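So the protein lines, in turn, are chains G and U. The opening residue of the first sequence carries number 3 in the working numbering; numbering runs sequentially from there. The opening residue of the second sequence carries number 6 in the working numbering; numbering runs sequentially from there. Below is one structure, written out as structure tokens, with a few remarks after it.
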Amino acid sequence: MSRQSVARRRLLGMIRKESLQIIRDPSSIAIAFIMPVVLLLLFGYGVSLDARHVPIAIVVEQADGQTVSLGAAFSHSEYFSPQYFATIQRAQKAFDAREVFAIVWLKNDFSDHLRRGDSGGIGVIVNGVDANQARISEGYIEGVWQTWLLSYIDQQDLNLSLPLTMQSRLWFNAAVSSRNFLVPGLIAVIMTLIGAMLTAMVVAREWERGTMEALLVTPIRINEIIVGKLLPYFILGMGGMLLSVAMAVGLFGVPLRGSFLLLVATSALFMLVTLGMGLLISIVAKNQFIAGQIAIIVTFLPAFILSGFIFQIDAMPEFIQWLTLLIPARYFVNILQTLFLAGNIWPIILANAAALAVMMLVFLGLARHKMHKRLQ
Amino acid sequence: MMIFLRRILALAIKEFLAILRDKKSRFILIGPPLAQLLIFGYAATFDLNHIPVAINNEDRGQAARALIARISASPHFDVVANIDRDAAIVPVIDNKQALVMVHIDTQFSDDLKSGRGAVAQIIIDGRNSNTALLAMGYLRTIFNDYNRDWLREHGATGPPAVLRIRPWYNENLLSRWFVVPGIVGLLSLVVTTIVTGLSVAREREAGTFDQLLVTPMRPAEILVGKAIPGVVIGLVEGSLILLLVVFWFEIPLRGSLGALYLGFFLFLLSAVGVGLMISSLARTQQQGILGAFLFLVPAVLLSGFATPIANMPEIVQQLTLINPMRYFMIILRGVFLEGDSYALLWQQYWPMAIIAFVTLIAAAVLFRWRSAA
Numbered sequence: 003m004s005r006q007s008v009a010r011r012r013l014l015g016m017i018r019k020e021s022l023q024i025i026r027d028p029s030s031i032a033i034a035f036i037m038p039v040v041l042l043l044l045f046g047y048g049v050s051l052d053a054r055h056v057p058i059a060i061v062v063e064q065a066d067g068q069t070v071s072l073g074a075a076f077s078h079s080e081y082f083s084p085q086y087f088a089t090i091q092r093a094q095k096a097f098d099a100r101e102v103f104a105i106v107w108l109k110n111d112f113s114d115h116l117r118r119g120d121s122g123g124i125g126v127i128v129n130g131v132d133a134n135q136a137r138i139s140e141g142y143i144e145g146v147w148q149t150w151l152l153s154y155i156d157q158q159d160l161n162l163s164l165p166l167t168m169q170s171r172l173w174f175n176a177a178v179s180s181r182n183f184l185v186p187g188l189i190a191v192i193m194t195l196i197g198a199m200l201t202a203m204v205v206a207r208e209w210e211r212g213t214m215e216a217l218l219v220t221p222i223r224i225n226e227i228i229v230g231k232l233l234p235y236f237i238l239g240m241g242g243m244l245l246s247v248a249m250a251v252g253l254f255g256v257p258l259r260g261s262f263l264l265l266v267a268t269s270a271l272f273m274l275v276t277l278g279m280g281l282l283i284s285i286v287a288k289n290q291f292i293a294g295q296i297a298i299i300v301t302f303l304p305a306f307i308l309s310g311f312i313f314q315i316d317a318m319p320e321f322i323q324w325l326t327l328l329i330p331a332r333y334f335v336n337i338l339q340t341l342f343l344a345g346n347i348w349p350i351i352l353a354n355a356a357a358l359a360v361m362m363l364v365f366l367g368l369a370r371h372k373m374h375k376r377l378q
Numbered sequence: 006m007m008i009f010l011r012r013i014l015a016l017a018i019k020e021f022l023a024i025l026r027d028k029k030s031r032f033i034l035i036g037p038p039l040a041q042l043l044i045f046g047y048a049a050t051f052d053l054n055h056i057p058v059a060i061n062n063e064d065r066g067q068a069a070r071a072l073i074a075r076i077s078a079s080p081h082f083d084v085v086a087n088i089d090r091d092a093a094i095v096p097v098i099d100n101k102q103a104l105v106m107v108h109i110d111t112q113f114s115d116d117l118k119s120g121r122g123a124v125a126q127i128i129i130d131g132r133n134s135n136t137a138l139l140a141m142g143y144l145r146t147i148f149n150d151y152n153r154d155w156l157r158e159h160g161a162t163g164p165p166a167v168l169r170i171r172p173w174y175n176e177n178l179l180s181r182w183f184v185v186p187g188i189v190g191l192l193s194l195v196v197t198t199i200v201t202g203l204s205v206a207r208e209r210e211a212g213t214f215d216q217l218l219v220t221p222m223r224p225a226e227i228l229v230g231k232a233i234p235g236v237v238i239g240l241v242e243g244s245l246i247l248l249l250v251v252f253w254f255e256i257p258l259r260g261s262l263g264a265l266y267l268g269f270f271l272f273l274l275s276a277v278g279v280g281l282m283i284s285s286l287a288r289t290q291q292q293g294i295l296g297a298f299l300f301l302v303p304a305v306l307l308s309g310f311a312t313p314i315a316n317m318p319e320i321v322q323q324l325t326l327i328n329p330m331r332y333f334m335i336i337l338r339g340v341f342l343e344g345d346s347y348a349l350l351w352q353q354y355w356p357m358a359i360i361a362f363v364t365l366i367a368a369a370v371l372f373r374w375r376s377a378a
């Protein structure tokens with residue numbers, strides 16, 4: 003028998019052993035398939051930045067045609083559901099109790115001022131605690147106000163036109179749905195969790211039990227151990243990935259504008275990075291307790307906060323931006339958002355895929371090196 | 006009674022030693038949370054500065070130049086490219102070189118002067134819809150200012166009324182003020198759940214758990230002894246983070262510290278309750294970690310920490326009612342920014358008290374059941 007075919011049989015034997023181990027302990031299969039489905043369902047529906055039907059208070063001190071039509075303008079907008087108050091004190095109470103998010107205060111001389119054009123400003127108070135929502139709501143309030151004002155000007159036959167208007171178009175996401183960018187990002191976060199957690203915990207258990215050392219006395223090579231360990235999890239992870247993509251498109255209606263093959267190829271690359279990360283964690287940690295802790299610390303929160311999944315990386319301070327370069331999910335989030343929403347934009351795909359390839363080599367190389375040392 | 010207290014105290018001390026004696030696990034309790042606070046405190050922001058803008062100006066007039074000058078003078082925008090042909094627009098946006106493209110056509114200055122009204126076309130990269138909306142908001146402000154000044158300079162009548170929008174509690178709309186207090190809850194939840202979630206499983210694996218069961222301690226006493234370190238470690242860790250939030254990040258603490266700590270204590274009790282439930286169910290540490298994880302991820306994402314609960318579909322909103330972190334987020338922000346005291350926070354206290362009660366009882370029952378088995 004040639005040496006090559008012996009090596010191949012060794013490797014096949016190793017893969018077979020690992021696969022049997024997975025099949026007999028169904029918890030890994032559950033992690034790979036059930037976890038993405040549950041997480042994606044929960045977060046695909048739960049995590050949204052789109053404010054709809056925000057409760058606002060409209061204080062009407064003296065009702066007349068103008069206040070009624072302005073109130074109607076707010077109710078017609080899908081962004082607001084107005085409640086009416088007769089005095090500012092009562093509205094303020096609801097505001098303090100967080101029952102309403104904003105107050106629009108129409109004083110009793112509102113219509114008079116409007117007629118004379120000397121109001122000096124209609125007071126609006128917004129709860130600024132959540133600065134992001136406050137800013138977006140401000141935009142929508144302005145929008146409702148502008149529309150109402152234009153129709154008022156039209157009605158009163160006033161000769162007025164704004165010197166400069168803005169005609170804006172949103173590319174890639176005309177419906178301005180945050181789900182379209184959050185769901186692809188979520189896939190990256192979930193796959194980071196699954197890939198790294200799965201390998202970190204499972205392999206750490208083997209170190210703890212000494213079954214890893216037991217492999218040493220067999221003639222198998224380190225490269226073969228690594229391939230044999232990772233391949234079954236790679237296949238599981240890719241299965242979970244495809245399931246997530248199917249849900250993103252089929253259930254959440256996120257458009258997939260780029261090529262499916264490219265998506266699979268970059269996902270495979272990313273999967274290898276997270277598996278390498280998990281392997282490295284398990285070797286460094288030596289036991290499950292530490293491995294689990296490290297896996298949570300370096301995967302979930304960084305993938306959530308530093309990947310650009312929800313917080314824009316460009317907006318972070320310079321040194322944090324440098325730090326995000328070390329987070330693999332960052333590159334994959336960028337690839338996924340682009341492939342789903344914009345299409346095959348090669349400069350972006352290639353640059354991020356190259357970064358992932360480098361990370362893969364570093365993680366797997368380090369894992370191999372450390373494993374070598376540990377086994378001696 | 007005295008014996009009872011002494012026994013519990015002895016077990017609690019033993020638990021502390023077990024957690025804190027090991028150098029690695031001691032480090033893991035203190036190092037990463039503080040590092041994470043510092044990193045996330047800076048990273049977790051929705052505010053945008055230096056949004057890259059590309060300009061495509063076909064107008065030779067002064068009015069267009071004035072508009073562009075306003076955009077590039079704004080701290081929110083950086084002009085990164087001047088485009089002179091239509092073919093260049095698509096790649097600039099596609100490759101994320103610019104987030105916004107402002108197109109001013111040849112008629113711009115003439116339209117403005119003649120009073121017909123000029124139009125500027127804006128293209129925004131909508132891949133991140135939140136960023137796109139914010140960028141549009143900043144641009145709208147610039148346009149409104151431009152209009153107001155133009156009308157004043159030309160002695161024309163403006164609109165009959167304008168809105169004066171004032172944000173309360175966070176007057177400059179800094180999203181850091183919103184996110185950083187939330188990190189107190191986030192990190193203490195993670196630490197407490199992991200400490201308590203693994204405590205029984207670790208002993209089971211080491212075999213010391215059976216020894217514990219043959220001591221005269223009753224299961225309930227063992228449980229209390231294991232709960233105390235979780236609460237204490239959470240309180241200490243949380244207080245450390247609070248100090249940094251106030252003195253390092255300089256987030257204003259406007260409300261009552263007592264009201265904050267009452268909420269914090271109830272929050273930790275419910276986190277410990279969940280942790281001990283996981284602990285009594287898990288046979289191995291791996292299961293313990295997985296359980297902790299399966300609780301932590303949804304608890305964090307569905308707490309209102311980053312995305313508002315009000316935006317979730319009704320059924321998911323109902324689901325968040327059993328998430329203790331949801332209530333603590335409101336307490337943290339209420340006390341920090343809105344200056345709340347006890348009176349305004351009752352709605353948040355009692356659900357957490359119920360969650361703590363139910364989870365601790367459930368943990369005791371599961372614990373008895375598992376140790377009998």
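Each residue gets a CB set at the ideal place from its N, CA and C atoms; glycine is no exception. Computed from a prediction, not measured in an experiment: that's the story for all the values here.
For residue i and residue j, I'd like the C-alpha separation in whole angstroms.
i: U:P57; j: G:P319; result: 16 Å
i: G:S30; j: U:L249; result: 40 Å
i: U:I73; j: G:Q157; result: 34 Å
i: G:L116; j: U:G163; result: 12 Å
i: U:M317; j: U:N135; result: 16 Å
i: U:P165; j: G:Y154; result: 10 Å
i: U:G309; j: G:F313; result: 15 Å
i: G:A317; j: U:H55; result: 8 Å
i: G:L1; j: G:L282; result: Since the first residue shown for chain G is 3 and the last is 378, residue 1 of chain G is missing from the structure and cannot be characterised.
i: U:L139; j: G:I299; result: 31 Å
i: G:F87; j: U:Y354; result: 29 Å
i: U:A225; j: U:F362; result: 14 Å
i: U:L203; j: U:V277; result: 11 Å
Since residue i is in the beta strand (DSSP E), which residue starts that stretch and which ends it?
i: G:W147; result: Per DSSP, G:W147 belongs to no beta strand (DSSP E); it is in the alpha helix (DSSP H), 133–157.
i: U:D155; result: In the sequence under discussion, the amino acid at residue 155 of chain U is Trp, which differs from the Asp named in the question. No beta strand (DSSP E) contains U:W155, which is instead part of the alpha helix (DSSP H) from 134–158.
Can you check whether the CB of residue j is closer than 7 Å to the CB of residue i?
i: U:L117; j: U:A68; result: yes
i: U:G131; j: G:F174; result: yes
i: G:P349; j: U:N149; result: no
i: U:T198; j: U:L301; result: yes
i: U:S284; j: U:S346; result: no
i: U:L16; j: U:G243; result: no
i: G:A133; j: U:L245; result: no
i: G:I237; j: G:R12; result: no
i: G:Q169; j: U:V124; result: yes
i: G:A331; j: G:A190; result: yes
i: G:Q290; j: G:R207; result: yes
i: G:R54; j: G:E20; result: no
i: U:A40; j: U:V184; result: no
i: U:V189; j: U:L267; result: no
i: G:L195; j: G:F302; result: yes
Based on the DSSP output, what are the partners of residue i in its beta bridges?
i: U:H108; result: U:N61, U:Q126
i: U:I170; result: G:V126
i: G:Q169; result: U:Q126
i: G:L188; result: None, per the DSSP bridge assignment.
i: G:D27; result: None; G:D27 has no bridge partner.
i: G:P57; result: G:S83
i: U:N87; result: U:I60
i: G:V106; result: G:I60, G:V126
Contact defined as beta carbons within less than 8 Å: I believe residue i pairs with residue j. What is the distance between those atoms, to the nearest angstrom?
i: U:I127; j: U:V105; result: 7 Å
i: U:L337; j: U:G187; result: 6 Å
i: U:I170; j: G:V178; result: The Cβ separation is near 21 Å, so there is no contact.
Which residues bound the alpha helix (DSSP H) around residue i?
i: U:M7; result: 7–26
i: G:V300; result: Careful: G:V300 lies outside any alpha helix (DSSP H) and carries neither H nor E.
i: U:I416; result: Given a span of 6 to 378 for chain U in the structure shown, any question on residue 416 of chain U remains unanswerable.
i: U:Q322; result: 319–324
For the ligand HEM, is there a heavy atom less than 6 Å away from the beta-carbon of residue i?
i: U:G122; result: Absent from the structure shown: the ligand HEM. Ligands present: none.
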